[in-house]
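Each remark here refers to the structure printed beneath this line.
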Ligand SMILES: [Zn+2]
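Residue numbers (the working numbering): 28 to 610.
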């Protein structure tokens, strides 16, 4: 009893005499840890990184030289001499030898199984002409079974040096493609994922003719004779369902391909922007068997009816220590800018009278929002046009007014947030809405965005990172893979330079600083999924998710950023990817 009393007195005295409190606590804790280590009381680390630069993103200790991890968590961080004490006979010690470690990159918006799916299709990214794409399909037809579906993805009409021979509305016409593949249906997805191109056989099999009406939220592109040209904007792509449903790659196989890709790119946590209830079921089984090597945070994307019947169960299955979390619902307010599908406040500069599409009725999204409230989930609404962004912010505001909830506590998101009217910019911070933006989209879209919007509107509203950050909003970065390569370094480079190549800059005044860009891939990305207590910084107690890079991305010159390689990817204290170290 007297002992207990004197202990209490001792602690009280320490806290009172040595303010500020936070630093005192840390001093006491580190003194305690050092005592344990010196006594041999602390168990040795599983993994020690030493001799490098560790950018922790933790304000208490932004930079360190060495780090120790045990049981999947960081146990100590500091100078090489300090950390040496944690090395035991079983510890794996990695000499960083000048490399730079950062908190594991968090992809803020990608399509996990979509990455695997894209790897199983013809890769049409960055082709120089439509004719080159037709030739690729011709070659695939040679190796295909009769009648087998041929799929490709990644074409973009703005990539081509010259327009195709026959063009309607800037898009190719199917005849050349139909000629090389008369018997095999061909379906080629646009780079944005928001337009589909089909050959004659695919249209026949889907029963599409000149008489087929445009569905709501989509358009069948037609020639002067009224016949479909082969291009299907937005929701019209769904008319090809009878053919596209023949494509059923194994979800587990796609997830394995995606995992490998994520680890190679230094991504340790992946925010999946929409998986069906069925796909989530397969991912959950993989996680239960310990087959997911990266942490997955998933937004469920399905009909409201299916969401309503499944969400309760999915949320209950979220467990601590698992690598799969169902954390949100995904819906799409509009389409993409490249396909004139983004929903704008005023008409497109290069398509007068057209303001894009609202692809999911607002009332459907509102119903999903109520489901999100009920199940304590986040909501991520895809919004690219300024009208789509405004409608989404209005909807969020209505829900908070109706439920009396402080929206800032729910951290709902807008996915892409690409075009924002200046009046709407401050609403993100005010409503606590997280802007989930993809740095690399700005530089790959930059060359043609001014055509769509006109120079003035593009400058004022497109990819306004600086305006959002200055207004107090949080940005989570990403790539929208497989729309873009799942490469955090490329998106980081775009975020800090807005360099479209050949020295051409896209609204450079909207650039992020190096620090902000790294935060958007680590600390703020963790915050965007309520995981900031465990992920996004390197400090004792945090998960040992670490990406080791060839260079210090905060200090290398701009022109060296794109040369940065991922050397190690460490998830939960385990090295899951290791590149050759040719130094
Ligand atoms: Zn997406």
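All C-beta atoms in this analysis are idealised placements derived from N, C-alpha and C, irrespective of residue type, glycine included.
Sequence-distant partners of residue 98 (beyond 5 residues in either direction) whose C-beta falls short of 8 Å from its own C-beta, in its chain, are 73, 600. Beta-bridge annotation (DSSP): residue 570 is paired with 100. Relative to ligand 1, the beta carbon of residue 507 is positioned inside 7 Å of a heavy atom. The alpha carbon of residue 419 has as its nearest neighbour, out of 487, 335, 348, 390, the alpha carbon of 390. CA-CA distance, residue 153 to residue 527, rounds to 14 Å. Judged by the Cβ position, residue 138 qualifies as a neighbour of ligand 1 at the 7 Å threshold, a heavy atom of the ligand being closer than this. Each residue's CA atom was taken as its position, placing residue 424 and residue 90 some 40 Å apart.
Here residue 467 carries a helix assignment [DSSP, helix/strand/coil]. Taking the CA atoms as reference points, residue 231 sits about 12 Å from residue 268.
Ligand 1 never approaches residue 95 closely enough for any of its heavy atoms to be under 7 Å from the residue's Cβ. Contact check between the region 326 to 346 and the region 168 to 178: fewer than three CB pairs, one atom from each, fall below 8 Å, which does not count as touching.
Between residue 228 and the set 211, 574, 377, 577, the nearest pair of CA atoms involves 211. In the three-state scheme derived from DSSP, where H, G and I count as helix and E and B as strand, residue 538 is classed as coil.
Distances between the C-beta of residue 300 and the heavy atoms of ligand 1 include at least one below 7 Å. Contact annotation: the region 190 to 206 touches the region 257 to 276, with at least three C-beta pairs closer than 8 Å.
Measuring C-alpha to C-alpha distances from residue 321 to each of 133, 209, 82 identifies 133 as the nearest. If you check the CB distance, residue 513 and residue 357 do not come in under 8 Å. A distance below 8 Å separates the beta carbons of residue 337 and residue 304. Residue pairing by DSSP puts residue 302 in a beta bridge opposite 327. The region 452 to 466 makes contact with the region 489 to 505, as at least three CB pairs between them are under 8 Å. In this structure, the CA atom of residue 216 is about 26 Å from the CA atom of residue 333. By the criterion of a C-beta distance shorter than 8 Å, residue 478 is surrounded in its chain by 376, 377, once the five residues flanking it on both sides are discounted. A check of alpha carbon separations from residue 483 across 436, 373, 590, 516 identifies 373 as the nearest. DSSP places residue 90 within a strand segment (E or B) once states are collapsed to three. Straight through space, the alpha carbons of residue 199 and residue 191 are spaced by roughly 6 Å. Only exposed fits residue 345, as fewer than 16 other CB atoms lie within 10 angstroms of its CB. The three-state secondary structure of residue 190, taken from DSSP, is coil.
In the DSSP annotation of this structure, the continuous segment of the beta strand (DSSP E) that includes residue 405 starts and ends at 405 to 410. Three or more Cβ pairs drawn from the region 275 to 293 and the region 305 to 325 lie within less than 8 Å of each other, which places the two stretches in contact. Just so you know, the alpha carbons of residue 171 and residue 213 end up roughly 11 Å apart. Distance between residue 316 and residue 100, taken at the CA atoms: about 21 Å.
When the Cα atoms are used, residue 331 and residue 396 turn out to be separated by approximately 10 Å. Straight-line measurement puts the Cα of residue 496 at about 40 Å from the Cα of residue 157. A distance of 8 Å or more separates the beta carbons of residue 438 and residue 407. Nearest to residue 588 by C-alpha distance, out of 596, 576, 136, is 576. Counting along the chain, the unbroken alpha helix (DSSP H) around residue 587 starts and ends at 585 to 588.
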